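Each number in our numbering comes from the position in the sequence shown (counting from 1) with 8 added on.
Note that CB positions come from ideal geometry on N, CA and C, so glycine has one too.
Since the model is a prediction, treat every value here as computed from it, not as a measurement.
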Amino acid sequence: MPEVAEVAHVCALLRRNVIGFKIANLQLKNDPLLLPILKSSPNAELELEKLQSSIANSTVKSVGRHGKHFWLRLQPPGSASTSVMLMHFGMTGMVKIRNIKSHLVFMENGGDKKILEDKLKEKESKLKDKSVKLEAEVQTENAIDIIDSEDAEWPPRFVKLEFDLVNGDKKLEFAFVDPRRLGRIRFLEGDTVQTDEDLLNNEPLSKLGPDYSKPAEKIKKEDGADFEFGDPDPDHHGRPRLSLQDFNKLILSKKKPIKALLQEQEYFSGVGNWVSDEIVYQARIHPAEVLSSKLSYDPSAVDPVISKLYESLIYVVEESVKIEGDVTKFPDHWLMLFRWGKRRKNGPKVKTNDGYEVDHITVGGRTSCFVPKLQKMLPVPKKRSIDKEVKEEKVQTKKRNTKK
């Protein structure tokens, strides 16, 4: 599933290429899973016609993102108000723009092996003082066209939404594809969506927690300014990330494995499977650790374990968004490149650059990758051990009395 970094990259692609363009030739599939508005409509075909009519010739004014959601803000011709096309990729959704390249590499399909091989070549080349030339070659090899090789014909397979983008004599072709139909596209309009801050008060965004890739202070993005690379929308839109103290209180109030807790979108919007693995790895915490069972909440002090987790959360999501999820630019000490080896069951276990074996367990129903030698369970506090013994003794006493 695309997570915060991949969504930020797609949002950045859109900001670099489609601002100021008008939408033409909009085609929507009659798919009530992808378009929730069709579920409640008595006439789906009529609803599609109304949507197409309301969006036709609208100008793309800005793009925005929050967690795994992103949107295009549209202005209909002759109107002072705007509408919003809100999108979520689900498991397999993706945006394609014809002839616009993307550096996204899909690690699940063997992309990790290719990237690791290229990184090794790059490292060897630097020793031969040919780094500049080879680095350019590596990036060219790994820059995949957002039109995949099997999608050379347009429209691509599994397309659910497509339209042209026109600006003078310039024309782009946009497609939203989704093989498994778990993505969502919503069209929102009215007084409650005229600003991005207001937009976040509408479902499903209203149910989401902060996006920790965005600074706590409010940052206004300049929609008309030239944008080259990085975070396309750093504004938290009125939903700033928690302070360390509030984060501490939240974590220690939940009786859930930390890996599973980090993936709850109502608290940590945008964090998914690989990002949560990276966070707990950088914090050196076992993914199945229930921190509230080992640490006591103290409003006047924060345990170093919690502080490190907070720092790691912000570091991982900020860094991955800053490089737009480009795995060739991920730091060498990150786990991400080594977490996909479980699929190669017949081979030896994958090792990190430091030589540590990578292993996999199931946490909260999801596969979790970790390094056992570096991510160990915290010791049980003595007081809690004594309390547990007392509780067990009471249970045994009760059983004996029942038998009598």
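For residue i, which of helix, strand or coil comes out of DSSP?
i	result
Gln404	helix
Met344	helix
Glu14	helix
Ile259	helix
Gln253	helix
Leu207	helix
Ile45	helix
Thr410	helix
Glu236	coil
Glu57	helix
Thr148	A caution first: Thr148 carries a pLDDT of 35, below 50, which makes its placement in the model unreliable, though a value can still be read off. Looking at Thr148 - three-state DSSP - the assignment turns out to be helix.
Val379	coil
Arg165	coil
Leu213	helix
In or out: residue i buried (at least 16 other Cβ within 10 Å) or exposed?
i	result
Met102	buried
Trp79	buried
Ser284	buried
His341	exposed
Leu22	buried
Thr375	exposed
Phe237	exposed
Ala309	exposed
Met344	buried
Asn256	buried
Pro10	buried
Gly333	buried
Pro218	buried
Ile331	buried
So, residue i versus residue j, is the Cβ gap smaller than 8 Å?
i	j	result
Val92	Leu196	yes
Ile193	Leu208	no
Tyr364	Lys384	no
Thr336	Phe346	no
Ile31	Ala64	yes
Ala183	Val201	no
Glu274	Leu216	yes
Cys19	Asp241	yes
Phe276	Tyr220	yes
Gly191	His96	yes
Leu34	Phe171	yes
Lys69	Gln83	yes
If contacts are defined as beta-carbon pairs under 8 Å, then residue i and residue j qualify, I think. What distance do you get, rounded to the angstrom?
i	j	result
Lys267	Val288	6 Å
Ala13	Val329	5 Å
Asp204	Gly72	5 Å
His17	Leu112	6 Å
Ser300	Leu260	5 Å
Against chain D, with Cβ distances strictly below 8 Å, would residue i count as a contact?
i	result
Lys263	Absent here is chain D; the protein component of the structure consists of one chain.
Heavy atom of the ligand GDP less than 7 Å from the Cβ of residue i, yes or no?
i	result
Ile227	The ligand content of the structure shown is nil, which means the ligand GDP is not present either.
Discussion item. Quick check for students: name the residue ranges of the alpha helix (DSSP H) that lie wholly in the stretch 267–341, counting only runs of 4 or more.
Written reply: 281–290 and 312–330
Practice prompt. At 3 residues or longer, and completely inside the stretch 52–114: list those beta strand (DSSP E) runs for me, N to C.
Written response: 67–74, 77–83, 91–96 and 102–105
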